[in-house]
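Those protein sequence lines, which keep their order, are chains A and B.
When the letters of the first sequence are read in order and numbered with the numbering used here, they come out as residues 16 to 189.
When the letters of the second sequence are read in order and numbered with the numbering used here, they come out as residues 85 to 409.
We put the CB at the ideal spot given by N, CA and C, even for glycine.
One structure below.
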Amino acid sequence: MEKFNLLGAWMILPKAISHPINHMPLPLLQQGTRLVFDQMLRQHPNLFDRLGSHANKSFRFTPTDLDLSFLVVPAQRRITVSRKSAQMAADASTGGPLLTLLALLEGQIDGDAMFFARSLSIAGDMEAVLALRNALDDSGFDLPRDLGQAAGPFAHLVTRMAEAVRRRALVGLV
Amino acid sequence: MELICPAGTPSAFREAVDAGADAVYCGFRDETNARNFPGLNFTREELGTSIAYGKARGVQTYVALNTFMRAGSEALWYGAADDAVRLGADALIVADLALMAYIAQHHPQQRLHVSVQASASNADAINFLVQTFGAKRLVLPRVLTVADIAALAPKVACELEVFAFGGLCVMAEGRCSLSSYATGLSPNMQGVCSPASHVRYREDGAEMVSELGGYTINRFAAEEPAGYPTLCKGRFHIADDDGYAFEDPVSLDVMDHVDALRDAGVTALKIEGRQRGKAYVAEVVSRLRQALAATPEQRPALLDHLRLLSEGQRTTAGAYEKKWR
Numbered sequence: 016m017e018k019f020n021l022l023g024a025w026m027i028l029p030k031a032i033s034h035p036i037n038h039m040p041l042p043l044l045q046q047g048t049r050l051v052f053d054q055m056l057r058q059h060p061n062l063f064d065r066l067g068s069h070a071n072k073s074f075r076f077t078p079t080d081l082d083l084s085f086l087v088v089p090a091q092r093r094i095t096v097s098r099k100s101a102q103m104a105a106d107a108s109t110g111g112p113l114l115t116l117l118a119l120l121e122g123q124i125d126g127d128a129m130f131f132a133r134s135l136s137i138a139g140d141m142e143a144v145l146a147l148r149n150a151l152d153d154s155g156f157d158l159p160r161d162l163g164q165a166a167g168p169f170a171h172l173v174t175r176m177a178e179a180v181r182r183r184a185l186v187g188l189v
Numbered sequence: 085m086e087l088i089c090p091a092g093t094p095s096a097f098r099e100a101v102d103a104g105a106d107a108v109y110c111g112f113r114d115e116t117n118a119r120n121f122p123g124l125n126f127t128r129e130e131l132g133t134s135i136a137y138g139k140a141r142g143v144q145t146y147v148a149l150n151t152f153m154r155a156g157s158e159a160l161w162y163g164a165a166d167d168a169v170r171l172g173a174d175a176l177i178v179a180d181l182a183l184m185a186y187i188a189q190h191h192p193q194q195r196l197h198v199s200v201q202a203s204a205s206n207a208d209a210i211n212f213l214v215q216t217f218g219a220k221r222l223v224l225p226r227v228l229t230v231a232d233i234a235a236l237a238p239k240v241a242c243e244l245e246v247f248a249f250g251g252l253c254v255m256a257e258g259r260c261s262l263s264s265y266a267t268g269l270s271p272n273m274q275g276v277c278s279p280a281s282h283v284r285y286r287e288d289g290a291e292m293v294s295e296l297g298g299y300t301i302n303r304f305a306a307e308e309p310a311g312y313p314t315l316c317k318g319r320f321h322i323a324d325d326d327g328y329a330f331e332d333p334v335s336l337d338v339m340d341h342v343d344a345l346r347d348a349g350v351t352a353l354k355i356e357g358r359q360r361g362k363a364y365v366a367e368v369v370s371r372l373r374q375a376l377a378a379t380p381e382q383r384p385a386l387l388d389h390l391r392l393l394s395e396g397q398r399t400t401a402g403a404y405e406k407k408w409r
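Structure representation (structure tokens):
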């Protein structure tokens, strides 16, 4: 498998996956997301160096294939999950299919190429968007590894499962 | 021919090295280089580490100091040059004559490359820079045809490097004031073309509207490939026409002419894109490396899909195969 999959089919989440996620209770989603977010920030402190003062800005991520919105304020180590109908104001926002957003988080794809292809929408403070994009690209996020490290005694199992999902996502089979 | 590859972060640097770069070019986190973007570029420590990574694998590092010095603030550029030399840069890429003079005087052993931003495109200009400052290589502006380059090469006393792939500027490199006109900031002085601080996108029905410095500069239909928010690639209303007055959102790709460029005496091919992500750098460097070793018949299959990663998802050979007057 190629290391990067710039031209792969970045699939929309199938309903079999998006439907149950959309119907999960928000507090449960919030708790799980916060756990992973805290762990990932601890593992990648260099993110803040590249973000500089933009770490104080609020960033909203809206997966187009989920009825959810995620608001992140890096300096406050805060992530808030909401339904799209109740999404909060933000300094900058990014929208696209969930797998595209996750691939951007890992630096698996190039944000400019996704923007040119109209697979990604951006709005608000473009300095903040650019700083975050560059910070993420250099930070070395690896979701299977990072999720595994957040899973305590289940680390190995979670990492292997997440790697399997990513492999399938990278070849457009999810 | 050497393959000169871009890196905006240490991660992209490592990807470029691992993908087959002969040299990687990068810059410091300030206005001394023409990609002075938020979150991009290298601290002194990161540059030192990256140079060591490259050296261990036989890959050179060029440091771009390719903006023009601001009167009264020359120390910023002089200090950057001193640090790049101290950290072991293999070459400095410079546009400002006064900075070239400083480097020639204070670091006479340091290899000096003339940036595309110096806009030197004829034998007299190039030989002046070679004789006066000891420049060893010149990056040609993207204004010459392949035949022009072939005619120029025997008349100059230095190596020639040309852009082969990536972003394409309007044909006035180092002298373009379009960004400055709209925002007060330019790639020549502040290292930013169409700075992100002055860019906004908004939706207007199904269209995406891009604004620069408060001016609407383009509208893209729902599925239309987009470009960078630069004035040179904006759509304008002129007389009875609406359209691209300077150039379309399109990227450079001259790999169809790579054999002719080699025959013309070109030493190195440069990939534009320090602002791009590490995945893009890895893919483009890897593909171009393979293409350089391939036959002309094999190249299209290797390179065709790179178009989809490019601005406007289209590529052109630009002035290299100039068909206009």
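Neighbourhood of residue i by C-beta, 8 angstroms cutoff - its chain only, sequence neighbours within 5 removed
{"i": "A:Ala-143", "result": "His-69, Lys-72, Phe-74, Asp-106, Ala-107"}
{"i": "B:Ala-207", "result": "Leu-236, Lys-239, Val-240"}
{"i": "A:Lys-99", "result": "Thr-77, Asp-82, Leu-83, Ser-84"}
{"i": "B:Thr-351", "result": "Met-85, Glu-86, Arg-221, Glu-243, Leu-244, Glu-245"}
Host alpha helix (DSSP H) of residue i (start-end)
{"i": "A:Gln-54", "result": "41 to 58"}
{"i": "B:Gly-163", "result": "158 to 171"}
{"i": "B:Arg-303", "result": "No alpha helix (DSSP H) holds B:Arg-303; the beta strand (DSSP E) holding it covers 299 to 304."}
{"i": "B:Pro-333", "result": "Careful: B:Pro-333 lies outside any alpha helix (DSSP H) and carries neither H nor E."}
{"i": "B:Lys-139", "result": "128 to 140"}
Spatially closest choice to residue i from the options, by CA coordinates
{"i": "B:Gln-189", "options": "B:Gly-218, B:Ile-355, B:Ser-203", "result": "B:Gly-218"}
{"i": "B:Arg-195", "options": "B:Phe-212, B:Ala-182, B:Ser-203, B:Ala-173", "result": "B:Ala-173"}
{"i": "B:Ala-175", "options": "B:Leu-222, B:Ala-231, B:Asp-208", "result": "B:Leu-222"}
{"i": "B:Glu-405", "options": "B:Leu-336, B:Arg-373, B:Glu-158, B:Tyr-162", "result": "B:Leu-336"}
{"i": "B:Lys-139", "options": "B:Ala-209, B:Asp-106, B:Thr-267", "result": "B:Asp-106"}
{"i": "A:Ala-150", "options": "B:Leu-353, B:Arg-398, B:Phe-121", "result": "B:Phe-121"}
{"i": "B:Val-293", "options": "A:Arg-133, A:Ile-32, A:His-171", "result": "A:Arg-133"}
{"i": "B:Leu-357", "options": "B:Met-273, B:Gln-397, B:Leu-252, B:Val-214", "result": "Before going on, a small fix: residue 357 of chain B reads as Gly here, not Leu. Comparing Cα positions, the closest option is B:Leu-252."}
{"i": "B:Pro-341", "options": "B:Phe-112, B:Ala-305, B:Ala-403, B:Val-254", "result": "Note that residue 341 of chain B is His in the sequence shown here, rather than Pro. Measuring from the Cα of B:His-341, the nearest candidate turns out to be B:Ala-403."}
{"i": "B:Lys-354", "options": "B:Lys-362, B:Gly-250, B:Gly-311, B:Tyr-312", "result": "B:Gly-250"}
{"i": "B:Lys-407", "options": "B:Cys-110, B:Pro-192, B:Val-230", "result": "B:Val-230"}
{"i": "A:Ser-97", "options": "A:Ser-136, A:Gln-45, A:Leu-113", "result": "A:Gln-45"}
{"i": "B:Met-440", "options": "B:Met-273, B:Ala-363, B:Pro-225, B:Asp-114", "result": "There is no way to answer for residue 440 of chain B, as the model of chain B reaches only from 85 to 409."}
{"i": "B:Ile-301", "options": "B:Glu-308, B:Gly-327, B:Glu-158, B:Ala-323", "result": "B:Gly-327"}
{"i": "A:Ser-136", "options": "A:Leu-117, A:Gly-155, A:Gly-111, A:Leu-145", "result": "A:Gly-111"}
{"i": "A:Leu-113", "options": "A:Leu-83, A:Val-87, A:Asp-127", "result": "A:Leu-83"}
{"i": "B:Thr-399", "options": "A:Ala-146, A:Phe-131, A:Thr-174, A:Arg-175", "result": "A:Phe-131"}
{"i": "B:Glu-158", "options": "B:Glu-367, B:Arg-98, B:Ala-182, B:Gly-275", "result": "B:Ala-182"}
{"i": "A:Thr-79", "options": "A:Met-176, A:Leu-28, A:Glu-178, A:Met-39", "result": "A:Leu-28"}
{"i": "B:Arg-98", "options": "B:Ala-344, B:Glu-367, B:Ala-204", "result": "B:Glu-367"}
Supposed close pair residue i, residue j - CB separation, criterion 8 angstroms
{"i": "A:Arg-65", "j": "A:Asp-153", "result": "6 angstroms"}
{"i": "B:Pro-238", "j": "B:Gly-349", "result": "7 angstroms"}
{"i": "A:Asp-213", "j": "B:Leu-393", "result": "The first residue shown for chain A is 16 and the last is 189, placing residue 213 of chain A beyond what the model contains."}
{"i": "B:Thr-127", "j": "B:Arg-113", "result": "6 angstroms"}
{"i": "B:Glu-149", "j": "B:Thr-116", "result": "Checking the displayed sequence, the identity of residue 149 of chain B turns out to be Leu instead of Glu. Between B:Thr-116 and B:Leu-149 the Cβ distance is about 5 angstroms, and since that is below 8 angstroms, they are a contact."}
{"i": "B:His-191", "j": "B:Val-169", "result": "5 angstroms"}
Residues of its chain near residue i, where Cβ-Cβ distance is below 6 angstroms and the 5 sequence neighbours each way are ignored
{"i": "B:Ala-100", "result": "Cys-89, Ala-91, Val-108, Val-365, Val-369"}
{"i": "A:Leu-188", "result": "Here the model assigns A:Leu-188 a pLDDT of 35, short of 50, so the residue's position is not dependable, and the following value carries that caveat. Nothing meets the Cβ criterion."}
{"i": "B:His-389", "result": "none"}
{"i": "B:Gly-297", "result": "Ala-266, Thr-267, His-282"}
{"i": "B:Ser-271", "result": "A small correction: the amino acid at residue 271 of chain B is Pro; Ser does not occupy that position in the sequence shown. These residues qualify, in order along the chain: Ala-118, Cys-277."}
{"i": "B:Arg-286", "result": "Val-293"}
{"i": "B:Ala-290", "result": "Ala-306"}
{"i": "B:Gly-396", "result": "Pro-309, Gly-311, Pro-333, Val-334"}
{"i": "B:Pro-313", "result": "Ser-278, Val-283, Ser-294, Leu-296"}
{"i": "B:Asp-180", "result": "Phe-152, Met-153"}
7 angstroms Cβ shell around residue i - same chain, five flanking residues per side excluded
{"i": "B:Ala-187", "result": "A small fix is needed here, since residue 187 of chain B is Ile in this sequence, not Ala. These residues qualify, in order along the chain: Ala-165, Leu-176, Val-178, Gln-194, Leu-196."}
{"i": "B:Leu-386", "result": "Arg-371, Gln-374, Ala-375, Ala-378"}
{"i": "A:Gln-164", "result": "Gln-54, Gln-58, Ala-170"}
{"i": "A:Asp-140", "result": "Lys-72, Asp-106, Ala-107"}
{"i": "A:Val-173", "result": "Leu-162, Gly-163, Ala-166"}
Limits of the beta strand (DSSP E) - the one that residue i falls within
{"i": "B:Val-223", "result": "221 to 223"}
{"i": "B:Arg-286", "result": "283 to 288"}
{"i": "B:His-321", "result": "319 to 322"}
{"i": "A:Thr-77", "result": "74 to 78"}
**Message:** Using a Cβ-Cβ cutoff of 7 angstroms, what residues of the region 41 to 70 of chain A are near chain B? List them in chain order.
**Reply:** Of all residues in the region 41 to 70 of chain A, the ones placed with a Cβ closer than 7 angstroms to any Cβ belonging to chain B are Arg-65, Leu-66, His-69, in chain order.
**Prompt:** What residues in the region 93 to 116 of chain B have a beta carbon less than 8 angstroms from any beta carbon of chain A?
**Reply:** The residues in question are Thr-93, Pro-94, Ser-95, Ala-96.
**Request:** Pull out every residue of the region 118 to 139 of chain A whose Cβ sits closer than 7 angstroms to any Cβ of chain B, in chain order.
**Result:** Here the close residues are Gly-122, Gln-123, Ile-124, Asp-125, Gly-126, Asp-127, Ala-128, Phe-130, Phe-131, Ala-132, Arg-133, Ile-137, Ala-138.
**Request:** With 9 angstroms as the C-beta to C-beta threshold (strictly closer), list the residues of the region 273 to 286 of chain B near chain A in chain order.
**Result:** So the list reads Pro-279, Ala-280, Ser-281, His-282, Val-283, Arg-284, Tyr-285, Arg-286, given in the order they occur along the chain.
**Request:** Closer than 9 angstroms, Cβ to Cβ, to anything on chain A: give me those residues from the region 357 to 387 of chain B, in chain order.
**Result:** When C-beta distances to chain A are compared with 9 angstroms, the residues of the region 357 to 387 of chain B below that value are Gly-357, Gln-359, Arg-360, Gly-361, Lys-362, Ala-363, Tyr-364, Val-365, Ala-366, Glu-367, in chain order.
**Item:** Contact list for the region 295 to 315 of chain B against chain A, Cβ threshold 9 angstroms
**Value:** Within the region 295 to 315 of chain B, the residues whose Cβ lies closer than 9 angstroms to some Cβ of chain A are Phe-304, Ala-306, Glu-307, Glu-308, Pro-309, Ala-310, Gly-311, Tyr-312, Pro-313, listed in chain order.
**Contacting positions in the region 96 to 118 of chain A - beta carbon closer than 7 angstroms to chain B** = If the cut-off is 7 angstroms between Cβ atoms, the region 96 to 118 of chain A has nothing near chain B.
**Request:** Closer than 8 angstroms, Cβ to Cβ, to anything on chain A: give me those residues from the region 173 to 185 of chain B, in chain order.
**Result:** Taking 8 angstroms as the Cβ-Cβ cut-off against chain A, none of the residues of the region 173 to 185 of chain B qualify.
**Prompt:** Listed in chain order, which residues of the region 150 to 169 of chain A have Cβ atoms closer than 7 angstroms to some Cβ of chain B?
**Reply:** For the region 150 to 169 of chain A, the set of residues with a beta-carbon nearer than 7 angstroms to any beta-carbon of chain B comprises Ala-150, Asp-152, Asp-153, Gly-155, in chain order.
**Item:** Chain-ordered residues of the region 117 to 132 of chain B with a beta carbon less than 7 angstroms from chain A
**Value:** From the region 117 to 132 of chain B, only Phe-121, Pro-122, Gly-123, Leu-124 have a Cβ closer than 7 angstroms to chain A.
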